[in-house]
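Participant: Protein chains in written order, with my numbering: chain D, 15 to 164; chain W, 3 to 408; chain X, 46 to 164. Glycine included, each C-beta is placed from N, C-alpha and C at the ideal position. The structure is given below, and queries will be raised subsequently.
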Amino acid sequence: MHGRRRPGIAAALVVLGIFLCLFPGCGDLSRDELNRGVESLSALAAQGELIANGVARDATKSTYTRVMAKTLGGEAEHEAEKLADAEPEATVKSERNAAVHVAAELADLFSELQTFPGDEHHGVLVEKHMGEVKEQADAIVARLTGEPAK
Amino acid sequence: MKSILKIALGIIAALGGFLDIGDLVFNTQAGALFRYDLLWAVALGTLGIAVYAEMCGRVAAVTGRPVFDVIRMRLGFGPGLVALVASTVVNLLTVAAELGGLAIILQLLFDAEFSLFVVLAAIGLVIVVALLPFGGIERIFGYCGLMMIVFVATAVHQSPDWGEVAHGFIPSLSSSKLYLYFVVGVFAAALMPYEVHFYSSGAVEEGWDKSSLRENRLNAAIGYALGGVLACALVVVSGYLFHPLGVEPGDLGTVALPAQGAYGETGLLLALGGMMFCVGGAAIDSSFSASYNLAQFLGWEWGRYRGPKIAPRFTVSWLIFLFLAMLIVLSGINPVEITEYSVVFAVVALPMTYLPILMIAGDRSFMGEHANGRISTTLGWVYFALIVVLAVAAVPLLLMTNGGGG
Amino acid sequence: MNEQGEILVIHRLLDEQILDSEGKRCGRVDDIELQGSPPRITALLVGEGLYPRRVPKRLRGLARRLAGPERWGANALRVPWERVDRIDATLHLCCKAEELGLGEGDDPERWMVRRLPWN
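Spelled out as structure tokens, the structure:
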């Protein structure tokens, strides 16, 4: 009885293991997934730029800025964690590290907006930095999509 | 003169109350993802609700029977019960989505804990409904919803390539599943069944009879058509600003960003204010709709015009629906996500409630001379076919696109 | 009454909304009582206790458990056909709902609605 069951359990465990490895977040971060992640970072930076611009011109409401900065900053942080936790494919390792850096910077900028939602001076700075971060993100996307497959 | 004013005010209220959180979410996302390419779907959905609402309003005015009264009579107990259960689930999701959206907007304006605003919003809605008569409720939310016109102003201010915008009204299909998902979503958001059920019961609440038929037709033709302009404006401003930047508007606050860009703080406040009344009004409409459907199916007394003394079961069921919706929102599910599900499931359930109305509206033994003419009949059946196609495609597309996530 | 007429009546009669003599909504026609040969309508039947009869056989057990047993005078009421005044868009009775025990679910006393602040 026992002998006949053990190979069955072993086989089940192997299948389970394969199944778990196919689950996203547990396996390799592919080029496509990384690309999507960085594109969303670029989009977040673009929104951040628009919001910071409103602060810079004193043409917005501080509660709106604060709540939006909190929400979007949370999304940036979440993306940073997701990218940092995943194991990247060897070919995109450097891009992944750059993306994590971008995401972290983005989260910091949103945090600044949250702290100073009515300060025009900060708004100007954050707007400028958001633009730079967006460019960095776009550059990573270009490297990911422009790079020839190994 | 007095009747023209009354009709005009009714149209204005219909216009201001046209949008709800489904339109805000889907139209803004559609613009950001596909620029102006989905404007035709918005227009198609707008025409659809005008057709459906006109029929329901006509049936209610001529026979005094609102939708679920008709549904039980036409479909019988069994199928009618299925329609009731489906409608109730959809309505509950919708109320939750609107209530959650209302709380988000309040948070953007006043920055406090989200759950606090959920509870305050629910209490606020109860107070408004308790204090005001039916017509007053509709008028307040309708007129204040007119603040959404800031989006039309923003579109004009942005000065897009109007040729490109016009091109978006030409129907085009793509093999992209995401595109097709948004065709369904944008159309379904315009044609939410609760709006029509509410409209038909509202006709009885306001004491419509055959003399109200002209008002009914004008509400549909002008009020909803202008509402469609507002819906299209959402697509245009989002397409102009967000599409080139690749912004994916997953948050309700993002919807107001173009207005802030064009008109600064005033624009932002008008946008948020308009959104607040649209969504708040929709929360009332959808929760009333759930109670109307239940009470009408079971034969209870119903209606705000009857009051809690004469229609206590209707009143209590309304409070329960609102409470359940509040619990759904407080459970932590993102209101924008709830919105997506409520819109998709609404279109799946739509054929069940649309068909009986179409049949009754064309039945001369009920409607007499006011039965569907040739145009209404043709349009009615064309839309039914369209609705069935979308209802079948909706859930598969939702799953294949991972809820519009691509 | 010929068969054609019968079918037409049931089509218009079953599931119809009932209004009492004061215009109060007091339920729907959940079932019809037919007696004699040729069958004549002797009464309308109203109440949640009758719902299990209206669902497909397979679901009847579940429906019975949800709606409870048929309790005549409580969740199943008999409206003699003589009490029907006329049928137009809805079915009108010639007496008040209370006399037949209809619409008790909406009895304000039952809901203590008077206690609410705005009443």
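Would DSSP call Asp287/W helix, strand or coil?
Facilitator: Here residue 287/W is taken as the residue at index 285 of the second sequence, counted from 1. In this structure, Asp287/W counts as helix in the three-state DSSP scheme.
Participant: I want to know whether the segment 77–95 of chain W touches the segment 99–116 of chain X - three or more CB-CB distances under 8 Å.
Facilitator: yes
Participant: Could you check if Leu272/W is buried or exposed, using at least 16 other CB atoms within 10 Å of its CB as the buried criterion?
Facilitator: Locating residue 272/W in the second sequence gives position 270, where the first residue counts as 1. The residue is buried, with at least 16 neighbouring Cβ atoms inside 10 Å.
Participant: Taking just the CA atoms, how far does Gly81/X sit from Gly138/W?
Facilitator: For the purposes of this step, residue 138/W is taken as the residue at position 136 of the second sequence. For the purposes of this step, residue 81/X is taken as the residue at position 36 of the third sequence. The straight-line gap from Cα to Cα measures roughly 54 Å.
Participant: Starting from Ala114/W, trace the alpha helix (DSSP H) in both directions and tell me its first and last residue.
Facilitator: Position 112 of the second sequence holds residue 114/W. Looking at the DSSP string, Ala114/W is not in any alpha helix (DSSP H), and its letter there is neither H nor E.
Participant: In its own chain, which residues sit with a C-beta less than 8 Å from the C-beta of Pro114/X, not counting the 5 before and 5 after it?
Facilitator: As a first step, residue 114/X must be located in the third sequence, where it is residue number 69. The answer, listed in chain order, is Gly94.
Participant: Using a 10 Å radius around the Cβ and a threshold of 16 neighbouring Cβ atoms, would you call Arg216/W buried or exposed?
Facilitator: For the purposes of this step, residue 216/W is identified with residue 214 of the second sequence, where counting begins at 1. Exposed: under 16 other Cβ atoms inside 10 Å.
Participant: Could you tell me which whole alpha helix (DSSP H) segments of length 4 or greater appear in the segment 148–235 of chain W?
Facilitator: 151–160, 164–169, 179–192, 195–207, 215–220
Participant: What does Gly150/X touch in chain W if you count any residue whose Cβ is under 7 Å from its own?
Facilitator: Against the third sequence, residue 150/X aligns to sequence position 105. Those are Trp302, Arg315, listed as they occur along chain W.
Participant: Output the distance between the C-alpha atoms of Ala113/D and Leu7/W, rounded to the nearest integer angstrom.
Facilitator: To locate residue 113/D, count along the first sequence from 1; it is residue 99. To locate residue 7/W, count along the second sequence from 1; it is residue 5. Rounded to the nearest angstrom, the two C-alpha atoms are 60 Å apart.
Participant: Does DSSP put Ala297/W in a helix, in a strand, or in coil?
Facilitator: Numbered from 1 along the second sequence, position 295 holds the residue referred to as residue 297/W. Looking at Ala297/W - three-state DSSP - the assignment turns out to be helix.
Participant: Is the segment 83–96 of chain D touching the segment 283–295 of chain W, taking contact as three or more C-beta pairs under 8 Å?
Facilitator: no
Participant: Could you check whether the Cβ of Asp60/X sits closer than 8 Å to any heavy atom belonging to the ligand FMN?
Facilitator: In terms of ligand content, the structure shown is empty, and the ligand FMN therefore cannot be addressed.
Participant: Please list, in chain order, the residues of the segment 54–72 of chain W that have any C-beta partner in chain X closer than 9 Å.
Facilitator: Val64, Thr65, Gly66, Arg67, Asp71
Participant: Can at least three beta-carbon pairs, one atom from the segment 163–176 of chain W and one from the segment 27–46 of chain W, be found at a separation below 8 Å?
Facilitator: yes
Participant: If you follow the alpha helix (DSSP H) that Cys58/W is in, where does it begin and where does it stop?
Facilitator: Position 56 of the second sequence, counting from 1, holds the residue named residue 58/W. First-last of the alpha helix (DSSP H) with Cys58/W: 41–65.
Participant: To be precise: take each residue of the segment 108–122 of chain W, compare its Cβ to all Cβ atoms of chain D, and keep it if any distance is under 7 Å. Which residues remain?
Facilitator: Along the segment 108–122 of chain W, going in chain order, the ones with a CB nearer than 7 Å to a CB of chain D are Gln109, Leu110, Leu111, Phe112, Asp113.
Participant: Any residues in the segment 54–72 of chain X with a beta carbon nearer than 8 Å to a beta carbon of chain W? Which ones, in chain order?
Facilitator: Cβ contacts with chain W come from Leu59, Asp60, Glu61, Gln62, Ile63, Lys69, Arg70, Cys71, Gly72.
Participant: Kindly list the residues whose CB is nearer than 6 Å to the CB of Met82/D, restricted to its own chain and excluding five residues on each side of it in sequence; keep chain order.
Facilitator: Taking the first residue of the first sequence as position 1, residue 82/D is located at position 68. For Met82/D, where only same-chain residues beyond five positions count, the Cβ hits under 6 Å are Ile65.
Participant: Can we say the segment 140–151 of chain W touches the segment 109–125 of chain W, given the rule of at least three CB pairs closer than 8 Å?
Facilitator: no
Participant: For Phe200/W, which of Ala235/W, Ile51/W, Leu101/W has the nearest alpha-carbon?
Facilitator: Position 198 of the second sequence, counted from the first residue, corresponds to residue 200/W. Of Ala235/W, Ile51/W, Leu101/W, the smallest CA-CA separation from Phe200/W is found for Ile51/W.
Participant: For a contact meaning CB atoms closer than 7 Å, what does Val152/W contact in chain D?
Facilitator: As a first step, residue 152/W is located in the second sequence; it is residue number 150 there, counting from the start. Near Val152/W there are no residues of chain D at all, since even the closest Cβ is about 14 Å away, more than 7 Å.
Participant: Rounding to the nearest angstrom, what Cα-Cα distance links Glu149/X and Leu90/X in this structure?
Facilitator: Locating residue 149/X in the third sequence gives position 104, where the first residue counts as 1. Locating residue 90/X in the third sequence gives position 45, where the first residue counts as 1. Computed Cα separation, rounded: 15 Å.
Participant: Is Gly62/D closer than 9 Å to Val140/D when the C-beta atoms are compared?
Facilitator: Taking the first sequence and counting its residues from 1, one reaches residue 140/D at position 126. Taking the first sequence and counting its residues from 1, one reaches residue 62/D at position 48. A contact, by the Cβ cut-off of 9 Å.
Participant: CA-CA distance, Arg70/X and Ala191/W?
Facilitator: Residue 70/X sits at position 25 when you count from the first residue of the third sequence. Residue 191/W sits at position 189 when you count from the first residue of the second sequence. Using only the alpha carbons, I get a separation of about 33 Å.
Participant: Taking Cβ to Cβ, would you say Ile132/X is nearer than 9 Å to Leu59/X?
Facilitator: Here the question's residue 132/X lines up with position 87 in the third sequence. Here the question's residue 59/X lines up with position 14 in the third sequence. No, the Cβ-Cβ distance between Ile132/X and Leu59/X is not below 9 Å.
Participant: Would you please state the rounded distance, in angstroms, between the beta carbons of Ser344/W and Trp320/W? I believe it to be under 8 Å.
Facilitator: Position 342 of the second sequence holds residue 344/W. Position 318 of the second sequence holds residue 320/W. 18 Å between Cβ atoms; not a contact.
Participant: Is DSSP giving Met144/D helix, strand or coil here?
Facilitator: Counting from 1 along the first sequence, the entry for residue 144/D is found at position 130. Correct three-state label for Met144/D: helix.
Participant: Would you give the residue range spanned by the alpha helix (DSSP H) that His115/D belongs to?
Facilitator: Residue numbering aside, residue 115/D sits at position 101 when the first sequence is read from its first letter. From DSSP, the alpha helix (DSSP H) with His115/D extends over 107–129.
Participant: Between which two residues does the beta strand (DSSP E) carrying Val100/X extend?
Facilitator: Within the third sequence, residue 100/X is the residue found at index 55, counting from 1. Premise fails: Val100/X is in no beta strand (DSSP E) and is neither H nor E.
Participant: Quick one: list the residues of chain W neighbouring Gly68/D, beta-carbon separation under 9 Å, in chain order.
Facilitator: Here residue 68/D refers to the residue found at position 54 of the first sequence. The contacting residues are Leu259, Gln262, Gly263, Gly266, Glu267, Leu270.
Participant: Pull up the DSSP beta-bridge partners for Asp72/D, would you.
Facilitator: The count along the first sequence starts at 1 and reaches residue 72/D at position 58. Answer is none; Asp72/D lacks a bridge partner.
Participant: Work out the CA separation of Ala100/D and Ala105/W for me, nearest whole Å.
Facilitator: The count along the second sequence starts at 1 and reaches residue 105/W at position 103. The count along the first sequence starts at 1 and reaches residue 100/D at position 86. Rounded to the nearest angstrom, the two C-alpha atoms are 34 Å apart.
Participant: How big is the Cα-Cα spacing for Cys58/W and Phe153/W?
Facilitator: Here residue 58/W refers to the residue found at position 56 of the second sequence. Here residue 153/W refers to the residue found at position 151 of the second sequence. Whole-angstrom Cα-Cα distance: 30 Å.
Participant: Spell out whether any CB of chain X is found under 9 Å from the CB atom of Leu134/W.
Facilitator: Taking the first residue of the second sequence as position 1, residue 134/W is located at position 132. Output row for Leu134/W: interface = no.
Participant: What residue range does the beta strand (DSSP E) around Asp76/X cover?
Facilitator: Taking the third sequence and counting its residues from 1, the one referred to as residue 76/X is at position 31. 76–80 is the extent of the beta strand (DSSP E) around Asp76/X.
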